[in-house]
Amino acid sequence: MNKKTYAGIPEQNSKIETSKVVLIPVPYDGTSTWQKGADKGPEAFLSASENMELYDIETDTEVYKNGIYLADAVTENTSPESMVEAVHQTTKEYIKKNKFVTLFGGEHSISIGSIRAFNECFNSLTVVQIDAHADLRKEYEGSTCNHACAVYEASQTTNLIQVGIRSMDAIEKTVMDLDKVFFAHEMAQDDYWMENAIDLMTENVFLTIDLDAFDPSIMPSTGTPEPGGLLWYETLEFLNKIFKEKNVVGFDIVELCPNEKEKSSDFLAAKLYYKMLSYKFNNSEEDDYDDIKGFKEPTNRFTKFNDEENDY
């Protein structure tokens, strides 16, 4: 991947010293089992971001002015396990600098590493998985770090809440907490699913969003599309509620599988990322952040690490 600033923002808004947000690209596609190309997702996402208006109408903000540092991509791909460990270490490094850490994949197996890092750094972590697939296999095709295993570890070590699920293997039901799963066919008939999901969350929340959670009518370019998915505004409503009511400590977005002839999916991913940042910083109390000229206070409240580890 070529080094550039996120969305082509000015250099003064993209320096690590003053940026409140870190974006880590992970162009990995080592275990996908149908359509390949998720490793091209980060580049397509960044390209689409450069063509996006940076003023958000809904929140009346320009969130990029809080600073967004585009980190070097995690390119370790010798094995799924080594990739997960590289993501884990890189993510943890930036969390310990008290940044709001975000990642863009790559396939969903990258989230094993990101969730592991956040779970080590934040107390009583809830992981909200928005996805078409359960991804709860303990092992798949000889690896525990397969994309089909993306949240198995989280199911054992965090408060995992699954939203939008509409495809799974029978074996996954044996480890699934049905009280914390919101199946797509049930959501379609439940006016209160958003509130019910939020009621299950602890204060600290990490969001992992597989883009196949969206309906293929608005998000066709993903590795494993499933009919009956989420639409744009209901997803934004849910996310905004979470950002308002909980302390979202970070998030990742995965499984963009770009198609040269279909650019709307790339743009949806770009817009989704920016909307989530807009919600995060629009809903944060002003006292939680220092002026952009000098980063001092922790971006992520309730971190397990002390400020003396905030070195650059």
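Just so it is clear: in the sequence shown, position 234 is 1605 by this note's numbering, and no numbers are missing.
By construction, the Cβ of each residue, glycine as well, lies at the ideal position given by its N, Cα and C atoms.
Start and end of the beta strand (DSSP E) containing residue i?
i, result
"Thr1606", "Careful: Thr1606 lies outside any beta strand (DSSP E), inside the alpha helix (DSSP H) at 1603-1616."
"Val1445", "No beta strand (DSSP E) holds Val1445; DSSP gives it neither H nor E."
Taking the Cβ atom as the reference point for each residue, do residue i and residue j lie within a distance shorter than 8 Å?
i, j, result
"Ala1519", "Asp1502", "no"
"Val1455", "Ser1495", "no"
"Glu1631", "Pro1591", "no"
"Ser1485", "Tyr1440", "no"
"Ala1415", "Leu1627", "yes"
"Ile1483", "Glu1524", "yes"
"Gly1621", "Val1472", "yes"
"Ser1514", "Pro1451", "yes"
Note the first and the last residue of the continuous alpha helix (DSSP H) segment covering residue i.
i, result
"Gly1476", "Gly1476 -> not in any alpha helix (DSSP H); beta strand (DSSP E) instead, spanning 1471-1476."
"Gly1408", "First-last for Gly1408: undefined, no H or E at that position."
"Lys1386", "Where Lys1386 is concerned, there is no enclosing alpha helix (DSSP H), given that its DSSP letter is neither H nor E."
"Met1590", "Met1590 -> no alpha helix (DSSP H), and no H or E assigned at all."
"Met1705", "Lying outside 1372 to 1683, the shown extent of the chain, residue 1705 is not represented and no answer is given."
"Met1565", "1564-1570"
Where residue i and residue j are concerned, what is the direct C-alpha to C-alpha distance, given to the nearest angstrom?
i, j, result
"Leu1474", "Tyr1563", "30 Å"
"Gly1379", "Asp1443", "16 Å"
"Asn1448", "Gln1560", "42 Å"
"Lys1470", "Glu1429", "24 Å"
"Phe1554", "Ile1613", "18 Å"
"Asp1686", "Val1499", "With the chain covering 1372 to 1683 only, the question about residue 1686 has no answer from this structure."
"Ser1526", "Glu1543", "11 Å"
"Gly1408", "Phe1652", "32 Å"
"Gly1477", "Asp1427", "26 Å"
"Leu1531", "Ala1584", "16 Å"
"Lys1509", "Tyr1645", "33 Å"
"Tyr1660", "Phe1489", "Low confidence applies to Tyr1660: its pLDDT is 44, below 50, so where it sits in the model is not reliable enough to give any reading."
"Asn1373", "Pro1396", "Residue confidence is low: Asn1373 scores 47 on pLDDT, short of 50, so the model does not pin down where it sits. Its coordinate-derived value is still stated next. Distance between the alpha carbons of Asn1373 and Pro1396: 11 Å."
"Met1572", "Leu1578", "11 Å"
"Val1619", "Met1647", "10 Å"
"Glu1421", "Tyr1377", "8 Å"
"Pro1413", "Pro1398", "6 Å"
"Phe1609", "Val1576", "13 Å"
"Met1547", "Met1539", "11 Å"
"Glu1668", "Val1392", "Annotation note: pLDDT 43 at Glu1668 (below 50); position unreliable, no value reported."
"Thr1446", "Val1522", "21 Å"
"Asn1337", "Glu1512", "Lying before the first or after the last residue shown, residue 1337 is absent from the chain, which here runs from 1372 to 1683."
"Ser1635", "Leu1394", "21 Å"
"Pro1381", "Thr1389", "13 Å"
"Arg1487", "Thr1593", "24 Å"
"Thr1545", "Thr1432", "45 Å"
"Ile1569", "Thr1497", "10 Å"
"Gly1665", "Ile1387", "The predicted position of Gly1665 is uncertain, since its pLDDT is 38 and thus under 50; no value can be drawn from it."
"Ile1624", "Asn1567", "23 Å"
"Lys1617", "Met1565", "13 Å"
"Lys1411", "Ala1419", "12 Å"
"Cys1516", "Asn1611", "30 Å"
"Glu1557", "Thr1462", "34 Å"
"Val1552", "Val1534", "6 Å"
"Gly1438", "Glu1464", "18 Å"
"Leu1425", "Ile1589", "22 Å"
"Gln1383", "Val1434", "14 Å"
"Thr1369", "Met1423", "Outside the modelled stretch of the chain, which goes from 1372 to 1683, sits residue 1369, for which no answer is possible."
"Ile1580", "Leu1601", "12 Å"
"Tyr1458", "Asp1550", "Per the sequence presented here, residue 1458 reads as Val, with Tyr not at that position. Going by the C-alpha atoms only, they are around 30 Å apart."
"His1504", "Ile1536", "5 Å"
Where DSSP assigns a beta bridge to residue i, which residues make up the other side?
i, result
"Gly1621", "Val1472, Phe1577"
"Ile1428", "Beta-bridge pairing links Ile1428 to no other residue."
"Thr1376", "The partner list for Thr1376 (beta bridge, DSSP) is empty, contrary to what the question assumes."
"Phe1585", "Leu1601"
"Glu1633", "Asn1630"
"Pro1596", "According to DSSP, which records beta bridges pairwise, Pro1596 is partnered with nothing at all."
"Tyr1440", "Val1393"
message: Ignoring anything shorter than 3 residues, give me the beta strand (DSSP E) runs that lie fully in the segment 1474-1562, in order along the chain.
response: 1496-1501, 1530-1536, 1552-1554
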